[in-house]
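K.L.:
Before I ask anything, here is the structure I am working with.
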Amino acid sequence: MTACTNNGGKARRVVTAALVGVLSVGAVPAIALATGTGSAGDVSLQAETPATLSGADIVYSKGQPGDVYYENGKQQGLVPSEIDPAVEGLDNIEVSQASATSAAGGYYYFYVKVGVGNTFETKIDTAGTVKYDNGKSMVQLKGTWQYAMPSTAGTYAVVVGQYNGAAGWDFVDVADTFTIAKKSLADATLIDGEDVTDTTFNWTGKSMSQTVQNVYDRMNVAVDGHILKKATDGTAATGDYTLYIYKQGAKDPMASTDMLDTKTSYVAVIDGLGDYAGHKEIPFTFGRLDLSTASITPVVSTNTPDASNIKNVVAAINDVVASDFGSAVAKDVVVTLESDPDGNVTGATDALGKYTFTIKAKDDSAWIQGETKVTAVKNTRDANIDFTACGTLDGSDYVVDLGAEKVVYFDLNRVKVTDGVGGPDVDYTFEIKDDEGKTYADDSALKNPGTYYVTVNAYEFKGADLVASSKTVKVVVSYANVTEADNIFFVYDGKNVESATSDEYDGTDLSEKMAFTVKVGDKVLTEGTDYDVTIERAEADGGWTKVDEVVDAGDYLITVSGKTFSGSATFDFTVNPMKLDAKAAVNGGVATDKTTYLAYTGDVLTPTFSFYKDGAEVEVPADAFEVTYDAIGTDSNGLPDASDVKDTDVALKAKGAYGASFSATAAGSNYDFDGVTVTFLVSDKKVFLDVPANEWYSQAVYTARDNGYMNGDGSGKTFSPMRELTRAEAACVLFNMAGGDAFYKNETIDGYDPDGKVFETGFSDVTGNEFYAKAIAWAEQTGVINGYADGTFGVSRKVTNEEFACMLANYAKAKGEYKAVDADETLAAYPDASVVSDWAKDSVAWCVSEGIMGGGANISPAGSILRMRAATMAVNAQPEKAGSALIPIV
């Protein structure tokens, strides 16, 4: 974790309610008696401390006065945290939410829906009533109160005060307000028909379809994939909204008989009704009919097709039949004969058969664009084309419910094409095109969701007679009756979620634990194809912002909206702030196993802090919290005693014991600091007389001592940090790191003489009863440190930096933790890398790669290692004290 600091941050002065009033747990707030109107229902108050509340401001932990939220079924509103008295010198006072068991003397808040009902009297200085700003002036607050944060639409006041038991309440004389507006149209989209993905409007080719009334009838409004109900009479009783069409820039709406054109910009003006509030204007244009993507049904008749009129060639465009064509369909296109049954282009023949035409929009057409080919047919008589057996007819369309227990697909093989009703079969071809103009080779496409146009072209000579017809039907394939309860499932972290769940902030994207399934019968639908999943995060202003990740603490709304079905589902997800461990750590000093010491400087100190979750250190940004220091006493051992508070909210400067507590800032909403504390000492004393508390090596020296790796000199009062380490001392350091006497009994060391209580090491310069003899015997037997060829160990020889690196590398090898690295690459950044001895190069590189050494600009391989540096390298190599014998003796 990165250490966190609160440099120069505000040290907040807050007095808890428990310190300013006499608690009487279980008392029923007098507010519970505030019913009715007039004096009988008024809440009369006796203020214990009038000056505390008169003219006070309220500090909010959530929201600001005047905020507007939008109704979403959840509780929303301002949340007070403190009273800021107007009187100079008075501390801020914490407030909490009122309840039926509010304690006498405490400071609380509750909510009032502005309207009729109670008044709220106060007797601060002079008798009066709680007031609020209605936008014009300060007026008396009236309304109905409630403890809980509201969720329904309305204007609400936040009333803050002190509960005085039987004497009643004393209120802050001005209440701040906020509004919960009805459901918002802010994210509304304008759609064509019932396809929430179709947001464009084009001329259909039908006569008068460009009138305002006809376009209005096509228009719907969707919010978050849900199609709202259009009011038929302009009231909430019949719908969610009204809609009017304006020319852009016009003051008045267009009349129902007015015509739209393809060159003018328009605006759909939407006003919410009932549950939906607000006003939204959505610009749109009216596009041209595109022949290149349209489904064309050709004319098949006993008449000879000709290019004089499109109606002689085309029977229908999409589902608009020729008799309903607008005039532009005829006058704005050029029809050209490409070939007749004899292959001619003159049109002189009258033969039976196929006539192929090109239909192209004129360049200056305002209503039509693109071109297409169509094959009309002159026949002797019509074939009968019967789609009845192909599928399920619903009105004029065939429908396929993919969600049915037994799906009835549209089967083109079952079409009946005959010479008259009940006559012999007639040969035919077919064309399948979707509503975007894409064509398909066979009817297998009709098993996939979508809207399709299926055209059957019958054509066969029966003797000299040509029997032919063309017929187009519309096929709609979708999932019907998909519901949240039965078909849409949300699983979080392996557990099914009915409607809502939560987790705690951990800095990761929690959406990766989410899984969504839409299942219809035995079919599992596909996200992106059949449905979309959107995640929105609640903002402080009541709005919702679409997000791709779920990381920060807050409320989230998850919507599963159908693309191939009309159903949808919503789920609530809450990310709670990370609840930090109660014990924090202060950095910048020296930590022992009992407390931490910060060096006294005479100036205000700004230490950093470390925080933990379930014992593991977590990274908390420095701007996420404010710190408050209390001066505390010490116990009989001179250690900080958090229960003995001497003074609160003090500057961290004087020598003594301190307790630090934390509170989240606006930037720290992801963390819960409630109950998190740390105690420490500010002192000019030193644990070792020659090791200041603020040197770079101080912590390592104290950790090495606490872990038992190294001790002080003589009486233990000094450490001699600048003295060179000997080989005998190095053996002791490594032996202690491995567990020392606690885990290596004398009898486990080869050469131990229990009678003489000495260790025979085989080295001529090691006397068996010296303090280092056992450690040297252990070091030689484990291969951690070897002796010299002359039979000596070199007990008094000074150890160089590279030699100590080799000893630590041997120690790691003995534990099975050594991993070789590229020495040249690892040491390339150091200017003195070239003077590292060849025999030490790999070990030095390993130490550098592990962060054991190399923190400075140079390695200084040949320099004698000082005791303070040896302590640092030992702690870097093994920060934790051994819990067992780490290396077996071989």
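Here the working numbering = 1-based position in the sequence shown + 896.
Think of the CB as a built atom: it goes at the ideal place given N, C-alpha and C, for glycine as much as any other residue.
Only a predicted model underlies this, so the values are computations on that prediction, with no experimental measurement involved.
(1) Does DSSP classify GLU1522 as helix, strand or coil?
(2) Within the same chain, show all residues whose beta-carbon is closer than 6 Å to that of ARG1619, passing over the 5 residues directly before and after it, in chain order.
(3) With a threshold of 16 other CB atoms inside 10 Å of the CB of TRP1674, please say whether the residue is buried or exposed.
(4) Which same chain residues end up closer than 7 Å to VAL924 when comparing Cβ atoms and leaving out the 5 residues on each side of it in sequence?
(5) Tell me where the alpha helix (DSSP H) around TRP1674 begins and ends.
(6) Taking PHE1639 as the reference, give the member of TYR1052, THR1657, LEU1782, TYR1605 with the closest Cα.
(7) Enumerate in chain order the residues of its own chain whose CB-to-CB distance from THR1460 is below 6 Å, with the five nearest sequence positions on each side excluded.
(8) Quick check: the Cα distance between ALA1023 and ILE1076, rounded to an integer number of angstroms?
(9) In chain order, what residues of the same chain have a beta carbon less than 6 Å from the beta carbon of ASP1361, not counting five sequence neighbours either side?
(10) Give a yes or no on whether the C-beta atoms belonging to GLY1679 and ALA1778 are separated by under 7 Å.
(11) Between the alpha carbons of GLY1291 and THR1413, how many angstroms are there, rounded?
(12) Which residues mark the beginning and the end of the alpha helix (DSSP H) in which ALA1132 is found?
(13) Taking MET1115 as the reference, which of ASP1072, ILE1166, ALA1556, ALA1133 has the closest Cα?
(14) Could you give the C-beta distance for TRP1263 and TRP1099, rounded to a whole number, given that I count them as a contact under 8 Å?
(15) Can we say the stretch 1687-1700 touches the stretch 1660-1675, given the rule of at least three CB pairs closer than 8 Å?
(16) Starting from LYS1631, trace the alpha helix (DSSP H) in both directions and tell me its first and last residue.
(17) Please return the same chain residues whose Cβ sits closer than 6 Å to the Cβ of VAL1546, not counting the five positions on each side in sequence.
(18) Below 7 Å CB to CB, which residues in the same chain sit around PHE1569 once its five sequence neighbours on both sides are set aside?
(19) Which two residues bound the contiguous beta strand (DSSP E) that contains TYR1007?
(20) To the nearest angstrom, how far is the alpha carbon of VAL1270 from that of ILE1192?
(21) Going by alpha carbons, who is nearest to MET1703 out of ALA1218, ALA1478, LEU1621?
(22) Do you know offhand how far SER1780's Cα is from LEU1630's?
(23) Are the CB atoms of PRO981 and THR948 within a distance shorter than 7 Å?
(24) Could you give the DSSP three-state label for MET1618: helix, strand or coil?
(25) Between the C-alpha atoms of ASP1389 and GLY1458, what's the straight-line distance to the nearest angstrom?
(26) List the endpoints of the continuous alpha helix (DSSP H) containing PHE1700.
(27) Alpha carbon to alpha carbon, what distance is there between VAL1055 and GLY973?
(28) Under 8 Å, with one C-beta from each stretch per pair, do the stretch 1237-1251 and the stretch 1308-1323 reach the 3-pair mark?
(29) In whole angstroms, give me the CA-to-CA distance for LYS1009 and VAL964.
(30) Starting from PHE1659, follow its DSSP beta bridges and name the residues at the other end.
(31) Quick one: give me the first and last residue of the alpha helix (DSSP H) that LEU1723 is part of.
(32) Mapping DSSP to helix, strand and coil, what is THR1430?
(33) Just how far apart, CA to CA, sit GLY1050 and ALA1478?
(34) For ASP878, which residues in the same chain have their Cβ closer than 8 Å to its Cβ, ignoring the five residues on either side in sequence?
(35) Expressed to the nearest angstrom, what Euclidean distance is found between the alpha-carbon atoms of VAL1456 and PHE1386?
(36) Can you give me the C-alpha to C-alpha distance between ASP1171 and GLU1177, rounded to a whole angstrom?
P.N.:
For this structure:
(1) Locating residue 1522 in the sequence shown gives position 626, where the first residue counts as 1. Reduced to three states, the DSSP call for GLU1522 is strand.
(2) Here residue 1619 refers to the residue found at position 723 of the sequence shown. If we look at ARG1619 and ignore the five residues flanking it on each side, its Cβ neighbours are ARG1763.
(3) To locate residue 1674, count along the sequence shown from 1; it is residue 778. Taking a 10 Å sphere around the C-beta of TRP1674, we find 16 or more other C-beta atoms and assign the residue as buried.
(4) Within the sequence shown, residue 924 is the residue found at index 28, counting from 1. Residue placement at VAL924 is poorly supported in this model, since its pLDDT is 31, which falls under 50; the coordinates still yield a value, given next. Excluding positions up to five away in sequence, the list reads ALA996.
(5) Taking the sequence shown and counting its residues from 1, the one referred to as residue 1674 is at position 778. It spans 1669-1678 - the alpha helix (DSSP H) in which TRP1674 sits, taken as one unbroken run.
(6) Here residue 1639 is taken as the residue at index 743 of the sequence shown, counted from 1. The residue with the shortest Cα to Cα distance from PHE1639 is LEU1782.
(7) For the purposes of this step, residue 1460 is taken as residue 564 along the sequence shown, with counting starting at 1. Cβ within range, chain order: PRO1345, SER1374, TYR1375, ASP1426.
(8) On the sequence shown, residue 1023 is found 127 positions in, with the first residue counted as 1. On the sequence shown, residue 1076 is found 180 positions in, with the first residue counted as 1. Reliability of the predicted coordinates at ALA1023 is poor, the pLDDT of 48 falling under 50, and the value obtained from them is presented with this limitation in mind. Rounded to the nearest angstrom, the two C-alpha atoms are 31 Å apart.
(9) Numbered from its first residue, the sequence shown carries residue 1361 at position 465. Result list for ASP1361: THR1276, in chain order.
(10) The residue you call residue 1679 lines up with position 783 of the sequence shown. The residue you call residue 1778 lines up with position 882 of the sequence shown. The criterion of a C-beta distance shorter than 7 Å is not satisfied by GLY1679 and ALA1778.
(11) The sequence position of residue 1291 within the sequence shown is 395, counting from 1. The sequence position of residue 1413 within the sequence shown is 517, counting from 1. A direct Cα-Cα distance of roughly 32 Å separates GLY1291 from THR1413.
(12) Indexing the sequence shown from 1 puts residue 1132 at position 236. Per DSSP, ALA1132 belongs to no alpha helix (DSSP H) and is neither H nor E.
(13) Within the sequence shown, numbered from 1, the residue matching residue 1115 stands at position 219. The residue with the shortest Cα to Cα distance from MET1115 is ILE1166.
(14) Here the question's residue 1263 lines up with position 367 in the sequence shown. Here the question's residue 1099 lines up with position 203 in the sequence shown. The Cβ separation is near 6 Å, so the contact holds.
(15) The stretch 1687-1700 and the stretch 1660-1675 touch, with no fewer than 3 CB-CB distances between them shorter than 8 Å.
(16) Residue 1631 sits at position 735 when you count from the first residue of the sequence shown. The residue you asked about is not Lys; residue 1631 is Phe in the sequence shown. First-last of the alpha helix (DSSP H) with PHE1631: 1623-1633.
(17) Stepping through the sequence shown from its first residue, residue 1546 is reached at position 650. Hits under 6 Å: TYR1525, ALA1527.
(18) Along the sequence shown, read from residue 1 onward, the residue named residue 1569 stands at position 673. So the list reads LEU1476, PHE1521, PHE1558, SER1559, ALA1560, once near-sequence residues are dropped.
(19) Numbered from 1 along the sequence shown, position 111 holds the residue referred to as residue 1007. Its beta strand (DSSP E) spans residues 1003-1015.
(20) The count along the sequence shown starts at 1 and reaches residue 1270 at position 374. The count along the sequence shown starts at 1 and reaches residue 1192 at position 296. Each residue's Cα considered, the two are about 7 Å apart.
(21) Your numbering for residue 1703 matches position 807 in the sequence shown. Closest by alpha carbon: LEU1621.
(22) Here residue 1780 corresponds to residue number 884 of the sequence shown, with the count starting at 1. Here residue 1630 corresponds to residue number 734 of the sequence shown, with the count starting at 1. For the pair SER1780 and LEU1630, the Cα-to-Cα distance works out to about 14 Å.
(23) Looking up residue 948 in the sequence shown gives position 52. Looking up residue 981 in the sequence shown gives position 85. Yes, Cβ-Cβ distance for THR948 and PRO981 is below 7 Å.
(24) The sequence position of residue 1618 within the sequence shown is 722, counting from 1. In the three-state DSSP reduction, MET1618 falls in the coil class, being neither helix nor strand.
(25) Counting from one through the sequence shown, the residue named residue 1389 turns up at place 493. Counting from one through the sequence shown, the residue named residue 1458 turns up at place 562. Whole-angstrom Cα-Cα distance: 24 Å.
(26) Here residue 1700 corresponds to residue number 804 of the sequence shown, with the count starting at 1. 1697-1711 is the span of the alpha helix (DSSP H), which, as asked, contains PHE1700.
(27) The residue you call residue 973 lines up with position 77 of the sequence shown. The residue you call residue 1055 lines up with position 159 of the sequence shown. Approximately 13 Å, taken between the alpha carbons.
(28) Cβ pair count under 8 Å is below three, so no.
(29) As a first step, residue 1009 must be located in the sequence shown, where it is residue number 113. As a first step, residue 964 must be located in the sequence shown, where it is residue number 68. Rounded to whole angstroms, LYS1009 to VAL964 spans 14 Å at the Cα level.
(30) Here residue 1659 corresponds to residue number 763 of the sequence shown, with the count starting at 1. Bridge partners of PHE1659: none, in fact.
(31) For the purposes of this step, residue 1723 is identified with residue 827 of the sequence shown, where counting begins at 1. That run of the alpha helix (DSSP H) goes 1719-1723.
(32) The residue given as residue 1430 occupies position 534 in the sequence shown. THR1430: strand per DSSP, three-state reduction.
(33) Locating residue 1050 in the sequence shown gives position 154, where the first residue counts as 1. Locating residue 1478 in the sequence shown gives position 582, where the first residue counts as 1. The alpha-carbon of GLY1050 is positioned some 40 Å away from that of ALA1478.
(34) Residue 878 lies beyond the range of the chain shown here (897 to 1786); nothing can be said about it.
(35) What you label residue 1456 is simply residue 560 of the sequence shown in a count that begins at 1. What you label residue 1386 is simply residue 490 of the sequence shown in a count that begins at 1. Approximately 9 Å, taken between the alpha carbons.
(36) In the sequence shown, the residue the question calls residue 1171 occupies position 275. In the sequence shown, the residue the question calls residue 1177 occupies position 281. Going from the Cα of ASP1171 to the Cα of GLU1177 covers about 19 Å.
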